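See below for the structure under consideration.
Number of protein chains: 2
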Amino acid sequence: MAASTQSRPRGSGRGRRVTIADIAERAGVTSAAVSLAVNGRPGVSDATRARIMDIARELQWEPSPAARALAGAPVLTVGMVLARPAEVLGTEAFFGAFVAGLQEVLSRHDYSLQMKIVDSTEAEIATYRRWLAQRRVDGVIVVDLRQDDPRIPALEDLALPALVVGGPGHHGSLPSVYVDDAHATRLLVDHLAERGHRRIARVAGNEDFLHILLRDRAFTSRCEELGVAPVVQNAGFGAHGAEVATAALLAREDAPTALIFDSDEMALAGCHVLEESGRRIPQDVAVASYEDSALTLTHRPPITAIGRSAIEYGRVAANRLLEVVAAADAPRGTSQEARVIEPSLIVRDSTAQAPEPWSGRGGTPA
Amino acid sequence: MAASTQSRPRGSGRGRRVTIADIAERAGVTSAAVSLAVNGRPGVSDATRARIMDIARELQWEPSPAARALAGAPVLTVGMVLARPAEVLGTEAFFGAFVAGLQEVLSRHDYSLQMKIVDSTEAEIATYRRWLAQRRVDGVIVVDLRQDDPRIPALEDLALPALVVGGPGHHGSLPSVYVDDAHATRLLVDHLAERGHRRIARVAGNEDFLHILLRDRAFTSRCEELGVAPVVQNAGFGAHGAEVATAALLAREDAPTALIFDSDEMALAGCHVLEESGRRIPQDVAVASYEDSALTLTHRPPITAIGRSAIEYGRVAANRLLEVVAAADAPRGTSQEARVIEPSLIVRDSTAQAPEPWSGRGGTPA
DNA sequence: CTGAAAGCGCTTACAG
DNA sequence: CTGAAAGCGCTTACAG
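Protein sequences appear in the order of chains A and B.
Here the first sequence stands for residues 1 to 366, numbered as in the UniProt record's numbering.
Here the second sequence stands for residues 1 to 366, numbered as in the UniProt record's numbering.
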């Protein structure tokens with residue numbers, strides 16, 4: 001190893017680190033001048049600023065985040081607390097993609113994302129409180145929004161810049177970004193109705209989450225508007241729930257001719273049940289998913305899905321959070337507003353065909 | 001909002017924060033004594049320590065990470081740089097699960113994970129250098145190990161505690177954790193050979209990565225030991241590559257009777273091609289995957305897979321990294337060693353059956 | 001076991 | 001535009 005073997009200061013780092021004092025000495029100015037110069041603030045002449053910058057580069061100076069934070073500057077970190085077990089997060093395609101999108105934007109702005117996994121909503125709120133007291137983060141991003149979520153009043157009280165992912169509604173006075181699930185629902189229902197389906201079922205995920213609830217409502221009301229018979233089958237989350245739910249739907253006398261699943265994982269699981277039962281997709285049953293992914297694309301037939309890219313969702317959330325954090329320093333601005341992501345429908349073969357006429361084994365003809 | 005509207009110190013936080021000076025004053029000791037007490041270090045009597053702790057709790061004191069870091073204490077953060085676009089990361093099931101496993105362990109130890117996405121290996125190395133200079137992290141975790149990886153010598157030089165995920169070999173003098181891919185390969189090949197397969201193909205991912213290369217080698221040599229004809233079909237990563245590769249294999253005169261895929265995503269894509277071509281799994285072709293997931297389990301038939309849980313891999317890596325970081329403070333210990341994760345084989349229906357006798361359309365009979 | 005002090009590397013008023 | 005200083009909240013020697 002090329003590193004010096006003599007004992008170095010605690011932690012790490014080879015030799016003494018370069019500080020603004022070193023730069024100041026070389027430049028023949030005070031460290032305050034250096035601070036102003038490197039932070040692009042007025043107070044030094046252009047000539048001195050240039051000289052200082054050159055020396056900083058030459059000395060390979062890097063600012064100390066700790067010193068900056070201690071002196072009151074932003075810590076350039078945002079936090080996200082997850083009150084779900086690693087097992088659940090790890091198996092959900094949405095999580096990885098969302099985080100990747102967040103990271104991409106945050107990294108570009110020299111921000112980092114601090115994540116923490118806890119096991120209850122109370123622990124989540126306690127973490128926000130602690131992060132604020134420690135000045136560990138400049139803001140937080142709140143996910144998995146629920147109806148009447150206790151985190152919202154807690155955060156409103158805390159004066160910690162926060163962005164809620166989810167809505168509309170139920171995010172109190174906090175800024176939010178969300179995908180318009182009602183619109184997505186209408187896209188799906190309209191598409192299936194157009195294809196001639198008159199009995200459409202929704203295989204619904206965990207209804208604790210607000211967006212699931214919003215889909216339920218939009219689904220029922222849109223079906224009714226179109227004179228279509230809506231069925232909502234609760235499935236909890238995950239593949240297994242979707243299998244059971246699909247089987248239950250198939251067993252009905254008036255079995256639906258089209259199924260909409262809340263996630264790509266659920267859709268796949270449902271498809272397998274359909275195939276096993278001998279149904280063909282889309283000839284016997286049409287299938288669509290609220291979540292697009294490599295899986296929906298790869299499946300045979302490829303599955304019609306809502307093009308809400310989780311990566312893009314992450315990017316939008318990160319950009320919005322950075323705005324919110326920046327606004328927190330400024331005089332109270334108009335940062336409360338929500339931002340909506342408009343979903344699109346990607347039509348694929350799984351809904352390519354009209355349902356075959358029902359050969360009278362019960363159920364109301366449309 | 002209940003928060004005070006009067007101007008508060010820059011950043012955030014309501015009112016003046018509680019410091020060890022406040023505790024010291026209340027307890028009638030110096031702040032040094034408080035520091036010793038709250039950090040569980042000797043130097044204060046048990047009685048004073050207890051009194052100090054009580055007051056700290058009462059005042060809801062939280063240590064300032066910035067002040068601690070500036071004073072030389074560990075920053076309680078580890079870093080991970082990813083030199084892959086968010087798009088790729090986001091669609092890979094492994095990433096989310098691995099991160100979830102890392103986070104679970106790190107969170108429990110009050111460590112946080114700092115991630116950064118860059119677009120080249122050079123940028124990755126530059127990031128390590130910068131993080132070290134800034135004292136931003138206590139250590140880093142290196143993923144996506146390649147043959148003769150330039151990051152290894154760079155990190156050996158940098159005296160930044162680092163854990164390599166990958167191996168064996170090619171991690172230089174750095175500690176490493178890895179899944180024994182050679183062993184996994186033998187498990188798969190042996191299983192298929194036992195089932196009577198004599199023409200086995202490996203649909204291989206991106207061979208830039210060391211673990212893919214190690215699988216290739218182990219695959220060929222094990223097949224030869226067992227008198228089985230090995231075929232390695234390069235597919236790059238992702239679903240599309242796997243489809244093309246599978247189709248190519250099926251087109252061969254001596255088409256294999258068993259296919260091993262490098263990931264669950266690839267396996268699913270391959271299965272769809274098989275199904276489209278009219279092949280039945282496992283009657284006509286057996287399928288196995290190096291990566292287990294909800295998808296391999298949900299598929300019909302369920303797919304035989306290596307039980308290398310990405311979440312568990314993340315947990316092991318996190319624990320090992322924490323050891324490495326702790327060892328960096330201590331006199332140079334024996335932290336260079338590698339730690340191996342032993343994979344297991346989960347047999348499912350996709351390999352349930354012996355291949356049907358080859359009705360003489362070419363190829364060498366076994 | 002306890003006290004008084006220096007120092008970590010910045011930023012931010014406040015004088016000149 | 002520039003200088004001298006205080007302060008952020010800790011930890012760590014170093015004396016008593």
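Every residue, glycine too, gets a C-beta built ideally from N, C-alpha and C.
The model shown is predicted, which means the values in this text are computed figures rather than measured ones.
Ranking A:Ile125, A:Glu342, A:Asp349 by CA distance to the CA of Tyr178 (chain A) puts A:Glu342 first. Of all residues in the stretch 26–59 of chain B, none is placed with a Cβ closer than 8 Å to any Cβ belonging to chain A. Among the residues of the stretch 99–115 of chain A, those with a Cβ less than 7 Å away from any Cβ of chain B are Val99, Ala100, Gly101, Gln103, Glu104, Ser107, Ser112, Leu113, Gln114, Met115, in the order of the chain.
At a Cβ-Cβ threshold of 8 Å, Leu59 (chain A) and Ile20 (chain A) do not count as neighbours.
In the displayed model, Thr77 (chain B) falls within a strand according to three-state DSSP. Per DSSP, reduced to three states, the secondary structure at Ser64 (chain B) is coil, with no helix or strand assignment. Under the DSSP definition of a beta bridge, Gly139 (chain B) partners with B:Val78. The contact set of Gly90 (chain B) on chain A, defined by CB atoms closer than 7 Å, consists of Gly96, Ala97, Ala100, Gly101, Ala310, Ile311 in chain order. Gln60, Trp61, Glu62, Pro63, Ser64, Pro65, Ala66, Ala67, Arg68, Ala69, Leu70, Ala71, Gly72: these are the residues of the stretch 59–72 of chain B whose beta carbon lies less than 9 Å from some beta carbon of chain A, given in chain order. Rounded to the nearest whole angstrom, the CA to CA distance from Arg195 (chain A) to Ala83 (chain A) is 40 Å. Here Val203 (chain A) is not near Ala182 (chain A), since their CB atoms are 8 Å or more apart. Counting along the chain, the unbroken alpha helix (DSSP H) around Phe94 (chain A) starts and ends at 93–108.
For a Cβ distance threshold of 7 Å, residue set Gln103, Glu104, Ser107 of chain B lies close to Ile117 (chain A), ordered along the chain.
Neighbours of Gln353 (chain B) in chain A, taken as residues whose beta carbon is under 9 Å from its own, are absent, since the nearest beta carbon is some 17 Å off.
Around the C-beta of Gln283 (chain A), fewer than 16 other C-beta atoms lie within 10 Å, and the residue is accordingly described as exposed. Close CB contacts of Trp131 (chain B) within its chain, under the 6 Å cut and outside five residues either way in sequence, are with Gly79, Val137 (chain order).
According to the DSSP secondary-structure assignment, Gln114 (chain A) is paired through a beta bridge with A:Gly79.
Interface criterion not met: the Cβ of Ser263 (chain B) is under 8 Å from no Cβ in chain A. In the DSSP assignment, Ile260 (chain B) falls within the unbroken beta strand (DSSP E) covering 258–261. Proximity of Ala305 (chain B) to chain A, defined by a Cβ-Cβ separation below 8 Å, is not satisfied. Taking Gly278 (chain A) as the centre and dropping the five residues before and after it, the same chain places no C-beta closer than 6 Å to its C-beta. Three or more beta-carbon pairs separated by less than 8 Å link the stretch 109–122 of chain B to the stretch 104–119 of chain A, which places the two stretches in contact.
By the criterion of a C-beta distance shorter than 6 Å, Gly314 (chain B) is surrounded in its chain by Phe98, Gly101, Leu102, once the five residues flanking it on both sides are discounted.
Residue contact check for Glu276 (chain B) against chain A: a CB pair falls below 8 Å. When beta bridges are read from the DSSP output, Arg199 (chain A) appears opposite A:Ala229.
Taking C-alpha positions only, Ser112 (chain B) is separated from Ser350 (chain A) by approximately 43 Å.
DSSP, read as helix, strand or coil, puts Asn319 (chain A) in helix. For Val273 (chain B), the uninterrupted alpha helix (DSSP H) segment begins and ends at 264–276.
Under the three-state reduction of DSSP, Ile23 (chain A) is assigned to helix.
For the stretch 118–137 of chain A, the beta-carbon criterion of a distance under 7 Å to any beta-carbon of chain B is satisfied by Arg130, Leu132, Ala133, Gln134, Arg135, Arg136. The beta-carbon separation of Ile306 (chain A) and Leu226 (chain A), rounded to 18 Å, does not stay under the 8 Å limit for a contact. Runs of the alpha helix (DSSP H) lying entirely within the stretch 133–184 of chain A, each at least 4 residues long, are 151–158 in chain order. For Thr48 (chain A), the enclosing alpha helix (DSSP H) covers residues 46–58. Less than 8 Å divides the Cβ of Leu268 (chain B) from the Cβ of His299 (chain B).
Val165 (chain A) places its beta carbon less than 8 Å from that of Val142 (chain A). Between the stretch 197–213 of chain A and the stretch 252–262 of chain A there are three or more C-beta pairs closer than 8 Å, enough to call the two in contact.
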